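For the protein sequence lines, the chains are R and E, in the order given.
Taking my numbering, the leading residue of the first sequence gets 1, the next gets one more, and so forth.
Taking my numbering, the leading residue of the second sequence gets 231, the next gets one more, and so forth.
Just so it is clear, CB atoms sit at the ideal spot from N, CA and C, and this is done for glycine as well.
Just so we're clear, the structure is a prediction, and the values are computed from it rather than from any experiment.
There are 2 protein chains.
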Amino acid sequence: MSDRQTPLRKTRDTAAGAEQTRAALIRAGLEHFGRYGFESATTRDIAAEAEANIGSIAYHFGGKEGLHAACAQYIVDTVREVAGPVLSDLPDGGRMPPDVAEAMLATMLQRMVGFILARPDAGEFVGFILRELNRPTAALDAIYSGVFEPVHKRLCEVWAMATGTEAESDATKIRVFTMIGQIVYFRIGHEAVRRRMGWTSVGPDEVALVVDAARENLSAAIAAKRGEQR
Amino acid sequence: MSDRQTPLRKTRDTAAGAEQTRAALIRAGLEHFGRYGFESATTRDIAAEAEANIGSIAYHFGGKEGLHAACAQYIVDTVREVAGPVLSDLPDGGRMPPDVAEAMLATMLQRMVGFILARPDAGEFVGFILRELNRPTAALDAIYSGVFEPVHKRLCEVWAMATGTEAESDATKIRVFTMIGQIVYFRIGHEAVRRRMGWTSVGPDEVALVVDAARENLSAAIAAKRGEQR
DNA sequence: GTCTATAGTCGGATAGAC
DNA sequence: GTCTATCCGACTATAGAC
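Given below as structure tokens:
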């Protein structure tokens with residue numbers, strides 16, 4: 001039987017092809033690790049999903065653990081890419097009028113909701129991170145210092161400008177966590193939210209409702225804080 | 231070698247002993263399922279943790295899945311026991327002055343923080359539920375209708391009384407989710423919070439800080455809502 | 001009810017052909 | 001770089017002795 005088609009995949013052993021395999025494995029790994037966790041995700045399934053060979057995981061990443069680490073790095077890189085402008089230096093050394101700071105906070109929260117609720121692969125990102133938060137490995141160190149800490153610090157700075165409080169105080173840091181938590185919950189508790197709201201899926205209309213609630217909570221909290229500072 | 235001590239454990243085949251084994255297996259199951267997930271948790275480890283025999287899982291629960299279902303029921307029973315008074319019928323058909331409703335909401339949030347942050351086994355509870363939210367099984371149905379829905383509904387009712395809004399409107403339901411999310415995040419993101427705050431553990435002082443922040447967010451949100459309703 | 005032995009399945013890693 | 005075959009360890013479930 002020599003009616004075999006041109007062996008499309010055989011010609012993957014070029015540099016560009018290898019890079020494609022690598023990338024496909026990372027995407028598939030992220031999906032499976034995020035959904036099933038490190039132990040329950042199988043290299044066989046990941047390879048199949050990436051349409052790559054099982055051996056390729058060992059070749060490119062040294063093994064399952066290496067792929068896991070690469071996935072963590074991919075998360076960091078992706079978030080930093082999206083959040084890049086927000087994390088770069090603030091103009092004028094970070095000083096700004098309270099209402100400008102408040103508007104900036106509102107924008108940042110809105111972006112966060114968009115990323116966490118509307119991005120198609122956000123579920124896997126959050127799943128991956130959730131498992132790391134539950135049982136930290138080296139991957140959490142990368143994600144914490146590459147994403148969590150810089151984002152939280154920046155939010156604290158802007159919050160402090162908006163309310164006239166101290167950026168690195170316990171109260172500010174905790175308050176910023178509550179602002180993040182109220183948003184993240186809609187992804188984590190997605191299934192419960194879906195059932196309770198009677199939603200079949202989360203589209204732009206649903207995202208808008210969440211943005212509204214988060215924004216109202218934000219401005220109410222800032223207003224109250226300003227009042228008591230006075 | 232007949233110097234064997236009295237076989238303490240051998241005499242477990244009484245009705246009371248069997249019940250102890252059952253309970254120990256459920257507690258151990260909750261711990262392992264919550265920490266490692268259904269697939270990654272092993273019946274061997276669970277049995278060892280419960281100081282019971284591996285075969286006892288098959289005997290008492292029919293298998294791993296049966297134990298998992300029993301753990302879900304245990305969560306429902308425990309939460310309903312703790313939250314019992316709060317979930318029972320409201321006096322006077324649920325009608326109450328706004329400031330009474332607000333105080334009640336504050337108390338409910340405080341209780342929630344206490345349960346979620348201070349209870350020693352809360353980590354496993356939340357871990358278990360988190361995994362169900364991520365990939366729902368029959369266990370989520372029990373937890374959703376036994377815990378999520380009734381608690382959320384009650385919070386919506388009281389929120390509506392406090393703000394003069396509609397209890398079952400989308401806006402109210404979402405707003406209540408944000409109030410829950412801001413609290414739950416401190417358990418879910420515990421490790422990130424710990425690192426950022428420089429906490430080594432979460433004791434009464436730390437819980438108090440979280441309660442303060444949640445309470446301030448609540449009263450600010452209610453005040454703003456009342457203002458715009460007027 | 002408790003415990004042991006065993007059967008059957010599956011997953012990760014490895015070596016080596018191409 | 002890709003792919004296959006194979007090894008070895010770990011797991012759940014089951015049957016049957018006590």
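Using a C-beta to C-beta distance shorter than 8 Å, which residues of chain E count as neighbours of residue i?
| i | result |
| --- | --- |
| R:G127 | N364 |
| R:E49 | The contacting residues do not exist; R:E49 stays about 16 Å from chain E at best. |
| R:F33 | Near R:F33 there are no residues of chain E at all, since even the closest Cβ is about 12 Å away, more than 8 Å. |
| R:L130 | L360, N364, I418 |
Check the Cβ of residue i against every Cβ in chain R and list those closer than 8 Å, keeping chain order.
| i | result |
| --- | --- |
| E:D400 | M197, L209 |
Applying the 10 Å Cβ sphere with the 16-neighbour rule, what's the burial state of residue i?
| i | result |
| --- | --- |
| E:G292 | exposed |
| E:S286 | buried |
| R:E31 | buried |
| E:A278 | exposed |
| R:E206 | buried |
| E:R230 | Any property of residue 230 of chain E remains undetermined from this structure, which presents chain E solely from 231 to 460. |
| R:R95 | exposed |
| E:I284 | exposed |
| E:A282 | buried |
| E:T251 | buried |
| R:E261 | This structure cannot speak to residue 261 of chain R, because chain R is shown only from 1 to 230. |
| E:A245 | exposed |
| E:T430 | exposed |
| R:T172 | buried |
| R:G84 | exposed |
| R:R44 | exposed |
| E:A300 | buried |
Who are the neighbours of residue i on chain R, taking C-beta pairs under 7 Å?
| i | result |
| --- | --- |
| E:S270 | G37, E39, S40 |
Starting from the beta carbon of residue i, find every residue of chain E whose beta carbon is closer than 9 Å, and list them in chain order.
| i | result |
| --- | --- |
| R:F177 | Q412, Y415, F416, G419, A422, V423, R426, M427, V440, A443 |
| R:N217 | R405, T408, M409, Q412, N447, A450, A451, A454 |
Could you name the residues of chain E that residue i contacts, counting a contact when the two beta carbons are closer than 7 Å?
| i | result |
| --- | --- |
| R:I174 | L439, V440, A443 |
Does the beta-carbon distance from residue i to residue j come in below 8 Å?
| i | j | result |
| --- | --- | --- |
| E:V343 | E:V440 | yes |
| R:E124 | R:R35 | yes |
| E:A369 | E:A302 | yes |
| R:A162 | R:L105 | yes |
| R:A214 | E:T408 | yes |
| R:A220 | E:A453 | yes |
| R:L234 | R:G93 | This structure gives no information on residue 234 of chain R, because the portion of chain R shown stretches from 1 to 230. |
| R:V76 | R:V126 | no |
| E:A331 | E:V388 | yes |
| E:N363 | R:A192 | According to the sequence provided, residue 363 of chain E is Leu. The question's Asn does not apply to it. Result yes, Cβ atoms of E:L363 and R:A192 sit closer than 8 Å. |
| R:G313 | E:G267 | Since the first and last residues shown for chain R are 1 and 230, residue 313 of chain R lies out of range. |
| R:F115 | R:V82 | yes |
| E:Y415 | R:Y185 | yes |
| E:G394 | E:P328 | yes |
| E:G247 | R:G181 | no |
| E:A288 | E:L255 | no |
| R:E149 | E:S270 | no |
| R:R187 | R:A122 | yes |
Quick check: is any heavy atom of the ligand MG less than 7 Å from the C-beta of residue i?
| i | result |
| --- | --- |
| E:A392 | As presented, the structure is devoid of all ligands, the ligand MG included, so that no description of it is given. |
**Prompt:** What residues from the stretch 140 to 164 of chain R come within 8 Å of chain E, judged by C-beta to C-beta, listed N to C?
**Reply:** From the stretch 140 to 164 of chain R, only L140, Y144, F148, E149, H152 have a Cβ closer than 8 Å to chain E.
**Asked** Which residue spans inside the stretch 102 to 134 of chain R form an unbroken beta strand (DSSP E) run of at least 3?
**Response** Uninterrupted beta strand (DSSP E) stretches at least 3 residues long and entirely within the stretch 102 to 134 of chain R do not occur.
**Message:** As an exercise, report each continuous alpha helix (DSSP H) stretch of at least 4 residues that is fully enclosed by the stretch 149 to 179 of chain R, in chain order.
**Reply:** Correct list: 149 to 163.
**Item:** 3-residue-minimum beta strand (DSSP E) runs that sit fully inside the stretch 302 to 331 of chain E, ordered along the chain
**Value:** Scanning the stretch 302 to 331 of chain E from its first residue to its last, no whole beta strand (DSSP E) run of 3-plus residues comes out.
**Item:** Length at least 4, wholly inside the stretch 258 to 299 of chain E: the alpha helix (DSSP H) runs in chain order
**Value:** Runs of the alpha helix (DSSP H) inside the stretch 258 to 299 of chain E: 273 to 279, 284 to 291.
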